[in-house]
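Chemist: The structure's right below; bear with me while I get my questions together.
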Amino acid sequence: MLFNGELPSATELEQYKKRLAGMRALPEALKDVLERIPAGAHPMDVMRTGCSMLGNLEGEDDFTQQQAVSDRLLATLPGIITYWYRYSHDGVRIDTDVEADNIAAHFLTLLHGTDPDPLHQRVLDVSLILYAEHEFNASTFTARVCASTLSDMHSCVTGAIGSLRGPLHGGANEAAMDLIDSFASVEAAEKGILDMLARKDKIMGFGHAVYRESDPRNALIKRWSKELSDSVGDQKLFAISEAIERLMWEEKKLFPNADFFHASAYRFMGIPTKLFTPIFVMSRTSG
Ligand code: COA
Numbered sequence: 034m035l036f037n038g039e040l041p042s043a044t045e046l047e048q049y050k051k052r053l054a055g056m057r058a059l060p061e062a063l064k065d066v067l068e069r070i071p072a073g074a075h076p077m078d079v080m081r082t083g084c085s086m087l088g089n090l091e092g093e094d095d096f097t098q099q100q101a102v103s104d105r106l107l108a109t110l111p112g113i114i115t116y117w118y119r120y121s122h123d124g125v126r127i128d129t130d131v132e133a134d135n136i137a138a139h140f141l142t143l144l145h146g147t148d149p150d151p152l153h154q155r156v157l158d159v160s161l162i163l164y165a166e167h168e169f170n171a172s173t174f175t176a177r178v179c180a181s182t183l184s185d186m187h188s189c190v191t192g193a194i195g196s197l198r199g200p201l202h203g204g205a206n207e208a209a210m211d212l213i214d215s216f217a218s219v220e221a222a223e224k225g226i227l228d229m230l231a232r233k234d235k236i237m238g239f240g241h242a243v244y245r246e247s248d249p250r251n252a253l254i255k256r257w258s259k260e261l262s263d264s265v266g267d268q269k270l271f272a273i274s275e276a277i278e279r280l281m282w283e284e285k286k287l288f289p290n291a292d293f294f295h296a297s298a299y300r301f302m303g304i305p306t307k308l309f310t311p312i313f314v315m316s317r318t319s320g
């Protein structure tokens, strides 16, 4: 829908999914580069380098290739991040060209090495849809500045990844997780947030440059986070998140943006915190 301006028919969707599924293999030279990036690197830097390296290997000659490059990036970004992650953290070279129904399933399969839990696949799919496109945000702006000079798609997306990395933009989902993790209980969270507000600290995952009363994406991801919380028998994380939400509204009339409940949702699915923002890249590239 984002590419063509209208929803695909069921057949068109199947064809497009098949097309992406056929483009998941990573070139050897790209794998070599990914293997040289240290485990301590920031995963958003891995995404940036992966995208840029692909641009060297599969250069663009003219603008008729834009759709093909977009498809190739959507098909390879989950493999780029998980290939590096599994190699640098677990010492294994994964095959990124695996059977998987969609981008969500592809990422979860590569990360965990097993078929994904259907609930996790559904929630990640919803998450990718929520993040896919969001008008004139900072990373889109960056990509458009680059495009305005008639540059190539890989350069546009590489630059956009750099903008998305910051904690005031895509990096907020990771920063929100670190914040929530720093509290051992609802009471500690309430006290901690009040202290932070008194110091005029920013609370990550709250507020928005355009929305004034609520972020419509929040209600959706919050509902899924609750369902995941129940499914794993969580007694703490969701309650702390809700307590922070309540307090931020009472104290500052600030609401959670899409990033805040994404943090707990991703955690319940067993996704390492440092991979949260790369998921945003896998999605927003389509926008
Ligand atoms: N925590 C604490 N205070 C916040 C806040 C937050 N997350 N977001 C906004 N505020 C404060 C601002 O400092 C400002 O206070 P002031 O009037 O005393 O200067 C007031 O609320 C109004 O800010 P507003 O104009 O609505 O926000 P903005 O357009 O300047 O910034 C963001 C928008 C998204 C950059 C900002 O809300 C933010 O940094 N949020 C945290 C990072 C984040 O979650 N980013 C992801 C966005 S989708």
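Numbering (the numbering used here), first residue to last: 34 to 320. C-beta atoms are modelled at their ideal positions from N, C-alpha and C, and glycine is treated no differently.
Tell me the rounded alpha-carbon separation between W117 and V79.
Modeler: 8 Å
Chemist: Using a Cβ-Cβ cut-off of 8 Å (strictly less than) and excluding sequence neighbours within five positions of F301, which residues of its own chain qualify?
Modeler: S258, L261, S262, S264, V265, D267, L270
Chemist: Please name the residue, chosen from E283, M210, Y120, L110, that lies closest to R317 on a Cα-to-Cα basis.
Modeler: Distance from the Cα of R317 is smallest, within the candidate group E283, M210, Y120, L110, for L110.
Chemist: With a threshold of 8 Å, are at least 3 pairs of Cβ atoms found where one atom belongs to the stretch 96 to 111 and the other to the stretch 220 to 236?
Modeler: no
Chemist: Locate the alpha helix (DSSP H) running through Q100, then write down its first and last residues.
Modeler: Run containing Q100: 99 to 123, per the alpha helix (DSSP H) assignment.
Chemist: Counting Cβ pairs closer than 8 Å, one from the stretch 176 to 191 and one from the stretch 201 to 217, do we hit at least three?
Modeler: Using a Cβ-Cβ distance cut-off of 8 Å, the stretch 176 to 191 and the stretch 201 to 217 are not in contact, since fewer than three pairs of beta carbons, one from each stretch, lie closer than that value.
Chemist: How would you label M34, buried or exposed, when you count the other beta carbons within 10 angstroms and need 16 or more for buried?
Modeler: exposed
Chemist: Evaluate contact between the stretch 247 to 256 and the stretch 157 to 174, counting only Cβ atoms and requiring at least three cross-stretch pairs below 8 Å.
Modeler: These segments touch.
Chemist: S274 to F96, Cα distance in whole Å?
Modeler: So the alpha carbons of these two residues sit roughly 45 Å apart.
Chemist: Taking buried to mean at least 16 other C-beta atoms within 10 Å of its own C-beta, is H139 buried or exposed?
Modeler: Its Cβ being crowded by 16 or more others within 10 Å, H139 is buried.
Chemist: Relative to the alpha-carbon of G88, which residue among F174, E39, S188 has its alpha-carbon at the smallest distance?
Modeler: S188
Chemist: Please tell me whether N193 and D248 are closer than 7 Å, where the distance is taken between their beta carbons.
Modeler: This sequence places Ala at residue 193; Asn is not what is there. No, the pair does not count as a contact, with Cβ atoms beyond the cut-off.
Chemist: Assuming C84 and T173 form a contact by the criterion Cβ under 8 Å, report the distance between their Cβ atoms to the nearest whole angstrom.
Modeler: Their Cβ separation, rounded to whole angstroms, is 15 Å, which puts C84 and T173 out of contact at 8 Å.
Chemist: Between K307 and the rest of its own chain, which residues show a CB-CB distance below 8 Å, the 5 nearest in sequence each way excluded?
Modeler: H75, P76, E207
Chemist: Should K278 be labelled buried (16 or more other beta-carbon atoms within 10 Å of its own) or exposed?
Modeler: Reading off the sequence, residue 278 comes out as Glu, not Lys. With 16 or more Cβ atoms within 10 Å of its Cβ, E278 is classed as buried.
Chemist: For D211, which option in L197, R119, F36, H295 has the closest C-alpha, if you only look at C-alpha atoms?
Modeler: Of the candidates L197, R119, F36, H295, H295 places its Cα closest to the Cα of D211.
Chemist: Under three-state DSSP, which class holds P41?
Modeler: coil
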